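Counting in this note's numbering, the sequence shown tops out at residue 143, every number present. Idealized CB from N, CA, C, for every residue including glycine. Everything numeric in this text was worked out from a predicted model, so none of it was measured. One structure is given here, and the rest of the page talks about it.
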Amino acid sequence: MLIKLKAPELAYRLTAEAGPVERAQAREDERTAALAGLRAFGITDLEPLFPNASRPAASARMANPDGDSAPVPDLTRWYAATTDATASIPALAERLAARPDVLAAEPDYYRERLIDDITPRRSEHLGRRSIGGRRPDGVA
């Protein structure tokens, strides 16, 4: 599950002088607070999706391909959530997206790559011999 959280209000604000230790602690504090609020939904862990990202300045802008500019996205808001095995992912995404502290929630699908056993052009195509089929060159 991928979750984008609204910017949390920290007990303390990071300043431009904050060092990497303070920034890391702030991210951990945010993760812990968010996880505490999401445990009731069956979420067992949250990990930053972009662990090396840092918050952009509020005035930071970037150019779009069409020449306009847009605010630099805050990648620190995105988390990968681990759910318990019984969770219905589509239903969970819908419930989370309705929360006021969540900007977006969507499934994060994993797919194992298939071995080349069922590629259509492979000579021993799955099931071909069992149904008596022949390749175009006449070989069974």
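Neighbour-count burial assignment, residue i, 16 or more Cβ in a 10 Å radius
i	result
M4	buried
E97	exposed
T79	buried
E33	buried
V105	buried
A29	buried
A37	buried
Under the three-state DSSP convention, the category residue i falls into
i	result
A101	coil
DSSP beta-bridge partners of residue i
i	result
L5	A83, E109
Item to complete: Kindly provide the ranges of any beta strand (DSSP E) runs that are 3 or more residues long and lie completely inside the region 8-95, ordered along the chain.
Response: 46-51, 64-66, 72-74, 81-86, all fully within the region 8-95.
Fill in: Sufficient close CB pairs (3 or more, under 8 Å) joining the region 53-69 to the region 83-102
With a cut-off of 8 Å on Cβ pairs, the region 53-69 is not in contact with the region 83-102, counting fewer than three such pairs.
Worksheet entry | Stretch pair the region 100-111 + the region 55-65: three plus CB contacts closer than 8 Å | The count of Cβ pairs closer than 8 Å, one atom from the region 100-111 and one from the region 55-65, stays below three, leaving the stretches out of contact.
Discussion item. Across the region 81-88 and the region 50-58, are there enough close Cβ pairs to call them in contact, namely three or more that are closer than 8 Å?
Written reply: Touching, yes, given that three or more Cβ pairs across the two stretches are closer than 8 Å.
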